[in-house]
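> Following this message is one structure expressed as structure tokens.
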Amino acid sequence: QQQVKQSPQSLIVQKGGIPIINCAYENTAFDYFPWYQQFPGKGPALLIAIRPDVSEKKEGRFTISFNKSAKQFSLHIMDSQPGDSATYFCAARSNYQLIWGAGTKLIIKP
Amino acid sequence: GAGVSQSPSNKVTEKGKDVELRCDPISGHTALYWYRQRLGQGLEFLIYFQGNSAPDKSGLPSDRFSAERTGESVSTLTIQRTQQEDSAVYLCASSSAQRRNSPLHFGNGTRLTVT
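Going down the list, the sequences are from chains W and H.
Mapped onto this note's numbering, the consecutive letters of the first sequence carry residue numbers 1 to 110.
Mapped onto this note's numbering, the consecutive letters of the second sequence carry residue numbers 111 to 225.
Quick look at the structure:
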């Protein structure tokens, strides 16, 4: 019940396309859902986050869509660029703990 | 410093040796986490420190792993009698517990290779 399931494991998209990464959870006590971006050799960095009382949040080219009834949330990257190539992790918070998805390796082809 | 600092950045050790990994959190951050990341995989929680409270050690995989933190300063993660399966990147993160949705700030990790 503490798991966060993330898909796909890897994704290749042409420049300008809209990659979509999905996450699903079971625990309804989760109260905060961040996405982190990780480049090779670096630690993850917060990209965007959402609370469960909001259905959508946009920051620049990044959008989180949140479906509370389905217990799913997704990351969309508009007008994707080669510089967006990275590994993306979704997470869900329970108290002080973040429960992490397994990650999606995204490649944006020029 | 401006961010979370971890040292060393790379460590190669022989099986059976002890290693000590260091994390300098962002000044003023009371919460500190250690994670393990195996190649191509997600983040595995190891231990959590919050101020002077007792740490949450529930993620430590065996009694060969231990960690310390004095107050709100530096933390060290020690792995005794290293095994090949300990090879991974060890990530440290800190956050300000004063803000509920304060993000985790990660260091760049220590890449541990056990030969």
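Positions of the beta carbon are idealized from the N, C-alpha and C atoms, including for glycine.
Given the structure is predicted, the values throughout are model-derived calculations rather than measurements.
1) Alpha carbon to alpha carbon, what distance is there between residue 88 of chain W and residue 192 of chain H?
2) Could you check what DSSP says for residue 195 of chain H in three-state terms: helix, strand or coil?
3) Applying the 10 Å Cβ sphere with the 16-neighbour rule, what's the burial state of residue 219 of chain H?
4) Considering only their Cβ atoms, is the gap separating residue 102 of chain W from residue 151 of chain H smaller than 9 Å?
5) At the 9 Å Cβ level, is residue 151 of chain H part of the contact set with chain W, yes or no?
6) DSSP three-state label for residue 34 of chain W, please.
7) Do you know offhand how far residue 189 of chain H's Cα is from residue 183 of chain H's?
8) Just to confirm my understanding: we take residue 84 of chain W, look at its own chain, exclude 5 residues before and 5 after, and list those with CB closer than 7 Å. What are they?
9) Using a Cβ cut-off of 9 Å, which residues of the segment 45–60 of chain W contact any Cβ in chain H, in chain order?
10) At the 9 Å Cβ level, is residue 43 of chain W part of the contact set with chain H, yes or no?
11) Could you give the DSSP three-state label for residue 84 of chain W: helix, strand or coil?
12) How would you list, in chain order, the residues of chain H whose beta-carbon sits under 8 Å from the beta-carbon of residue 102 of chain W?
13) Identify which residue in H:125, H:135, H:116 has its Cα closest to the Cα of residue 196 of chain H.
14) Have a look at residue 16 of chain W and residue 32 of chain W and give me their C-alpha separation to the nearest angstrom.
15) For residue 131 of chain H versus residue 200 of chain H, is the C-beta distance shorter than 9 Å?
16) Just the Cα atoms here: how many angstroms apart are residue 41 of chain W and residue 65 of chain W?
Let me spell this out:
1) 30 Å
2) helix
3) buried
4) yes
5) yes
6) strand
7) 20 Å
8) 77, 106, 108
9) 45, 46, 49, 51
10) yes
11) helix
12) 151, 152
13) H:125
14) 29 Å
15) yes
16) 29 Å
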